[in-house]
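Engineer:
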Amino acid sequence: MNDSARYSLADLLAIMARLRDPQRGCPWDVKQDFSTIAPYTVEEAYEVADAIDRRDWHDLRDELGDLLLQVVFHAQMAKEQGLFDFDDVAHTISDKMRRRHPHVFGDVTYADLDEQKRAWDEIKASERATKGDAHDNSVLAGVSRGQPEWQRALKLQQRAATVGFDWPDHRPVIGKLHEELAEVQTEFEAGADPARLEDEIGDVLFVAVNLARHAGVDFARALKHANAKFERRFRRMEQLAAGDGQPLSASDLAEQEALWQRAKAEERGLG
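Under full-length UniProt numbering, the first residue of the sequence shown carries the number 1, and numbering increases by one thereafter.
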């Protein structure tokens, strides 16, 4: 293929097959399996979301390509094992989209978005029954495990709230957060058993997600902003330390705290 030609999906599938070829392929690609590639798949999905958040459309194109490569990689490994291939993946999702949108691809009509949402849930429940999951009639059925745990916590809370199991507002959630923090403190004072400490800190994080939900705050976005703020201030600390003639690592904790406060003050226009 010459440089001016455009590659197609068929070309990408052929490229991946060549990369996985035991004799002529790339040793790294050949040795991978579903488990080793899965973390890259998750990472690439986050990279797509980051490009969208930055509104970098050129980068988004590249990141979507990286994510598509992950799908192609998994499909190629499945084909090698006789499980399914890329065409099966495309067929399955196409069939699912048509099935879940009878108001678009059929003659069904819904009165409003709420009715459509109820129908969507009913269709998904029917799909679970077809898979043999009919015995699970919990309101929590179908909450995916294949997502970040904070997001799963949010969905579990949202599902529970549909049957009234929810705090009335943010105030008791804050009280619960204080209660869970106190239990963490108790575990530290009792010797910080790792298993119990993990359990109690998990409760704190679960309640933090609940608090964000009641506040109408996107938990992931809030944490992203906190990460960016920390990184911005820490990098400024390093610059301030260098301006004082020494690396940050040469400063003791008290000196580092003073640099942190200087960085904060500068951000707030107080420096």
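For every residue, glycine included, the Cβ atom is placed at its ideal position computed from N, Cα and C. Bear in mind that the values here come from a model prediction, so they are computed numbers and not experimental data.
Taking the alpha-carbon positions, what's the alanine 153 to alanine 226 distance?
Structural biologist: Taking the first residue of the sequence shown as position 1, residue 153 is located at position 153. Taking the first residue of the sequence shown as position 1, residue 226 is located at position 226. Straight-line Cα distance between these residues: approximately 20 angstroms.
Engineer: So for arginine 145, helix, strand or coil by DSSP?
Structural biologist: The sequence position of residue 145 within the sequence shown is 145, counting from 1. Three-state DSSP puts arginine 145 in coil, outside helix and strand.
Engineer: Between which residues of its own chain and histidine 170 is the CB-CB distance below 7 angstroms, once the five residues before and five after are set aside?
Structural biologist: As a first step, residue 170 must be located in the sequence shown, where it is residue number 170. Here the set comprises Leu211, His214, Ala215.
Engineer: Are at least three pairs of beta-carbons, each pair with one atom in the region 30-47 and one in the region 60-67, less than 8 angstroms apart?
Structural biologist: At 8 angstroms Cβ cutoff, the stretches touch.
Engineer: Tell me which residues share the same chain as glutamine 116 and place their Cβ nearer than 8 angstroms to its Cβ, disregarding the 5 neighbours each side in the sequence.
Structural biologist: For the purposes of this step, residue 116 is taken as residue 116 along the sequence shown, with counting starting at 1. Excluding sequence neighbours, glutamine 116 sits near His103, Tyr110.
Engineer: Exposed or buried, which one is glutamate 257 when buried takes at least 16 other CB atoms within 10 Å?
Structural biologist: Your numbering for residue 257 matches position 257 in the sequence shown. Per the 10 Å Cβ criterion, exposed.
Engineer: How big is the Cα-Cα spacing for phenylalanine 105 and valine 139?
Structural biologist: In the sequence shown, counting from the first residue as 1, residue 105 sits at position 105. In the sequence shown, counting from the first residue as 1, residue 139 sits at position 139. For phenylalanine 105 and valine 139, the distance between alpha carbons rounds to 28 angstroms.
Engineer: When the Cα atoms are used, what is the spatial distance from leucine 223 to leucine 181?
Structural biologist: For this step, residue 223 is matched to residue 223 along the sequence shown. For this step, residue 181 is matched to residue 181 along the sequence shown. If I take the Cα positions, the gap works out to 19 angstroms.
Engineer: On the CB-based measure, 16 or more other CB atoms within 10 Å of its CB, does histidine 58 come out buried or exposed?
Structural biologist: Position 58 of the sequence shown, counting from 1, holds the residue named residue 58. Exposed is the call here.
Engineer: Looking at the secondary structure, which residues open and close the alpha helix (DSSP H) in which valine 104 lies?
Structural biologist: Your numbering for residue 104 matches position 104 in the sequence shown. Start and end: 102-105.
Engineer: Can you check which of these residues, Gln239, Lys155, Trp260, Val204, is closest to lysine 176 by C-alpha distance?
Structural biologist: As a working note, residue 176 is residue 176 in the sequence shown. For lysine 176, the nearest C-alpha among the options comes from Val204.
Engineer: Might you give, ordered along the chain, the residues of its own chain that have their beta carbon closer than 8 angstroms to the beta carbon of glycine 243, omitting 5 neighbours on each side?
Structural biologist: Within the sequence shown, the letter at position 243 stands for residue 243. Correct list: empty, nothing qualifies.
Engineer: On the three-state DSSP scale, how would you describe aspartate 11?
Structural biologist: Numbered from its first residue, the sequence shown carries residue 11 at position 11. Correct three-state label for aspartate 11: helix.
Engineer: Does the Cβ-Cβ distance between alanine 14 and glutamine 76 come in under 7 angstroms?
Structural biologist: By 1-based counting over the sequence shown, the position of residue 14 is 14. By 1-based counting over the sequence shown, the position of residue 76 is 76. Taking 7 angstroms as the Cβ cut-off, alanine 14 and glutamine 76 do not qualify as a contacting pair.
Engineer: Any idea what DSSP makes of tryptophan 167, helix, strand or coil?
Structural biologist: In the sequence shown, counting from the first residue as 1, residue 167 sits at position 167. In the structure shown, tryptophan 167 sits in coil (DSSP, three-state: anything other than H, G, I, E or B).
Engineer: Please say whether leucine 253 and methionine 237 have beta carbons closer to each other than 7 angstroms?
Structural biologist: Numbered from 1 along the sequence shown, position 237 holds the residue referred to as residue 237. Numbered from 1 along the sequence shown, position 253 holds the residue referred to as residue 253. No, the pair does not count as a contact, with Cβ atoms beyond the cut-off.
Engineer: Please list the terminal residues of the continuous alpha helix (DSSP H) segment that includes asparagine 210.
Structural biologist: Taking the first residue of the sequence shown as 1, we reach residue 210 at position 210. 194-215 is the span of the alpha helix (DSSP H), which, as asked, contains asparagine 210.
Engineer: Using only alpha-carbon positions, find the residue among Ile201, Glu255, Val207, Glu266 that is nearest to arginine 233.
Structural biologist: Counting from one through the sequence shown, the residue named residue 233 turns up at place 233. Taking only the C-alpha atoms, the option nearest arginine 233 is Glu266.
Engineer: If you check the beta carbons only, do aspartate 33 and leucine 19 fall under 7 angstroms apart?
Structural biologist: As a working mapping, residue 33 is identified with position 33 in the sequence shown. As a working mapping, residue 19 is identified with position 19 in the sequence shown. No, these two residues do not count as a Cβ contact at 7 angstroms.
Engineer: Short of 7 angstroms in beta carbon distance, which residues of its chain neighbour phenylalanine 219, apart from the five on each side in sequence? Order them along the chain.
Structural biologist: Translated into positions along the sequence shown, residue 219 becomes position 219. Trp150, Leu154, Val209, Ala212, listed in sequence order.
Engineer: Closer than 7 angstroms by C-beta to lysine 264: which residues in its own chain qualify, once you throw out the five before and the five after it? Chain order, please.
Structural biologist: For the purposes of this step, residue 264 is taken as residue 264 along the sequence shown, with counting starting at 1. Taken in chain order, the residues that qualify are Arg233.
Engineer: Between alanine 190 and tryptophan 260, what straight-line distance do the alpha-carbon atoms span, to the nearest angstrom?
Structural biologist: Here residue 190 corresponds to residue number 190 of the sequence shown, with the count starting at 1. Here residue 260 corresponds to residue number 260 of the sequence shown, with the count starting at 1. Between alanine 190 and tryptophan 260, the C-alpha separation is close to 32 angstroms.
Engineer: Could you spell out the range, first to last residue, of the alpha helix (DSSP H) harbouring leucine 240?
Structural biologist: Here residue 240 corresponds to residue number 240 of the sequence shown, with the count starting at 1. From DSSP, the alpha helix (DSSP H) with leucine 240 extends over 219-243.
Engineer: To which residues of the same chain is arginine 99 closer than 6 angstroms at the C-beta, ignoring the five residues directly before and after it?
Structural biologist: The sequence position of residue 99 within the sequence shown is 99, counting from 1. Cβ neighbours of arginine 99 beyond the five flanking positions: none.
Engineer: What do you get for phenylalanine 230, buried or exposed, if any count of 16 or more other CB atoms within 10 angstroms of its CB means buried?
Structural biologist: As a first step, residue 230 must be located in the sequence shown, where it is residue number 230. By the 10 Å Cβ count, phenylalanine 230 comes out exposed.
Engineer: Quick check: what's the CA-CA separation for aspartate 199 versus alanine 161?
Structural biologist: The count along the sequence shown starts at 1 and reaches residue 199 at position 199. The count along the sequence shown starts at 1 and reaches residue 161 at position 161. Rounded to whole angstroms, aspartate 199 to alanine 161 spans 23 angstroms at the Cα level.
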